[in-house]
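Since the structure comes first, as C-alpha cells, the remarks are kept for the end.
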Ligand code: SF4
Ligand code: MG
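Residue numbers (UniProt numbering): 2 to 335.
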C-alpha cells in the first residue's frame, strides 16, 4: 500500500474577539491508498478544521500556524492558491453535510454534473452528458437520463447527497473527504449512503476520510479511526482495536454513548458528563481531565502518545508503565 496523505503536528487557530482559539493542536494523521479513516469527535473537537486544512480551506481569521501536510509527495502547506486549485476538487474532493447549500436551485442536476466534468476533464458536451449518466448510475440513481433533467428540489435529501458524491467522483479524486455526510439524513437513508461510500471505496482505490460525531457510522465504513477531543487526537487505531480494546477514557465514554443498533432493543445510553474544554485558553495537561473519571495528579501534564500496539496509540497516562504498576499495587476498594 502507498501512503497517500501525511499530516504532521498540525496547529490551526482562529483569531476571535476573546483571543486565539486553538482549534487544532498537534494533530498527526496518515491515510494509505484505498483506506477509510474515520475522524470522530464532538462538535468543536477540531475534526472539521483538520479536514478543511487538508483541503486548503482555512481562511482568515483562521490560520495554519505550523505543521506539515503531505499529499502524494506534495507539501500542501506551502502551496499558493492557484496551485491549490489544481488539487482541491480534483485530486482531493469533499462532500459536506448539507447538499442543498452546494446545489444551485435554478440549475438542473445535469447542468451541475456536466459543468464539473467539463471543467475538470475537458470533455465535450455530449461526452460529459454520457459521463454524467454513468456517474449517476454508479451512485445508485435509477433512470439517470430522466433524472439529469430534474432540479435539486425534485430530489430527496438522500438523492441529493448521492448527486454530491457523483460530483465529487466526477474529477476522479484520489482522496474523498466526507464531513458529516449523513448527519442530516434519517437512519435508513444514512445506512444506504454509507453502503454506497463503502462500495465505491471497494471498487476503486479511493481513499476516504469520514468525519462524524457518531462512532456507529465509523463502524459501518471505516478501517481505521482517530478520536479527537479538544483539538487533539486522543486515540488512534483500527476499528477493531478502538471498539474492542479502547485505551482512552474518552473513547470508552463515546462507546458507551453509541446506540446499539444491532441488538434490537435500545440500551441505556450513558452520556459523558460535562462539556469540552475552552480552546481559547485551553487548560494545561490532558484536555479531557475535567470530565475524566480516572483523572489523577499526573494528568496536569500533557500525556504523550503511548504506543499500545502496531498503529494503536492513546494519549492517556493510564497507559504509562509506572502508572499501571501503581494502580495494580493499590488495595482493592472495600
Ligand atoms: Fe483521564 Fe488522565 Fe487519561 Fe486524561 S490522561 S484521559 S485525565 S486518566
Ligand atoms: Mg463539523
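Every residue gets a Cβ at the ideal spot worked out from N, C-alpha and C, and that includes glycine.
All figures in this text were calculated on a predicted structure; none of them were measured in a lab.
If we ignore side chains and look at the alpha-carbon of each, how far apart do residue i and residue j end up?
{"i": "residue 103", "j": "residue 165", "result": "8 Å"}
{"i": "residue 211", "j": "residue 327", "result": "38 Å"}
{"i": "residue 160", "j": "residue 153", "result": "9 Å"}
{"i": "residue 190", "j": "residue 207", "result": "22 Å"}
{"i": "residue 243", "j": "residue 130", "result": "44 Å"}
{"i": "residue 84", "j": "residue 70", "result": "14 Å"}
{"i": "residue 330", "j": "residue 10", "result": "36 Å"}
{"i": "residue 237", "j": "residue 315", "result": "7 Å"}
{"i": "residue 313", "j": "residue 146", "result": "47 Å"}
{"i": "residue 257", "j": "residue 247", "result": "11 Å"}
{"i": "residue 121", "j": "residue 89", "result": "11 Å"}
{"i": "residue 35", "j": "residue 171", "result": "18 Å"}
{"i": "residue 45", "j": "residue 25", "result": "10 Å"}
{"i": "residue 21", "j": "residue 63", "result": "9 Å"}
{"i": "residue 265", "j": "residue 12", "result": "Only weak support is given to the placement of residue 265: the predicted model assigns it a pLDDT of 48, under 50, and the question is left unresolved by the model."}
What are the boundary residues of the beta strand (DSSP E) that includes residue i?
{"i": "residue 31", "result": "20 to 33"}
{"i": "residue 233", "result": "233 to 239"}
{"i": "residue 211", "result": "208 to 213"}
So, with DSSP's three-state summary, where would you put residue i?
{"i": "residue 66", "result": "strand"}
{"i": "residue 112", "result": "helix"}
{"i": "residue 146", "result": "helix"}
{"i": "residue 1", "result": "The structure shown does not extend to residue 1, since the chain is modelled only from 2 to 335, so the question has no answer here."}
{"i": "residue 2", "result": "coil"}
{"i": "residue 331", "result": "coil"}
{"i": "residue 121", "result": "helix"}
Whose C-alpha, out of the options, is nearest the C-alpha of residue i?
{"i": "residue 3", "options": "60, 110, 74", "result": "74"}
{"i": "residue 18", "options": "318, 177, 282", "result": "282"}
{"i": "residue 311", "options": "179, 293, 225", "result": "225"}
{"i": "residue 306", "options": "79, 135, 227", "result": "227"}
{"i": "residue 78", "options": "54, 101, 99", "result": "54"}
{"i": "residue 142", "options": "125, 231, 162", "result": "162"}
{"i": "residue 16", "options": "43, 65, 8, 272", "result": "65"}
{"i": "residue 140", "options": "119, 194, 31, 239", "result": "194"}
{"i": "residue 302", "options": "294, 308, 249, 318", "result": "318"}
{"i": "residue 272", "options": "250, 149, 284", "result": "250"}
{"i": "residue 197", "options": "284, 137, 68", "result": "137"}
For the alpha helix (DSSP H) holding residue i, just list the boundary residues, first then last.
{"i": "residue 189", "result": "188 to 204"}
{"i": "residue 216", "result": "216 to 222"}
{"i": "residue 87", "result": "82 to 88"}
{"i": "residue 134", "result": "126 to 139"}
{"i": "residue 78", "result": "Careful: residue 78 lies outside any alpha helix (DSSP H) and carries neither H nor E."}
Which residue spans inside the stretch 154 to 186 form an unbroken alpha helix (DSSP H) run of at least 4? You should have 158 to 170.
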